[in-house]
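One structure below.
In the working numbering, the protein residues as written are 101 to 170.
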């Protein structure tokens, strides 16, 4: 399922479950800042929340209904 968009200055990857811990840690460390721009951050309280979110992104990608990148 790997999809990558890459330029000289930027690389975007489709979310995968192995990214859950890193994403959760980034949210935890920057929660106050992210809350200003990403309303869904308030609903993330556990690593399981992130895994569920990423799993939904993967299913949407497979079904070609959404394309999300990190």
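C-beta: ideal position from N, C-alpha, C; glycine also.
Pairwise C-alpha distance: residue j and residue i
i: residue 114; j: residue 146; result: 21 Å
i: residue 161; j: residue 130; result: 27 Å
i: residue 119; j: residue 154; result: 9 Å
i: residue 158; j: residue 116; result: 7 Å
i: residue 142; j: residue 134; result: 9 Å
Identified DSSP bridge partners for residue i
i: residue 113; result: 104
Exposure of residue i, with buried meaning 16 or more beta-carbon neighbours within 10 Å
i: residue 150; result: buried
i: residue 144; result: buried
Alpha helix (DSSP H) segment containing residue i, residue limits
i: residue 153; result: 147-162
i: residue 133; result: 131-135
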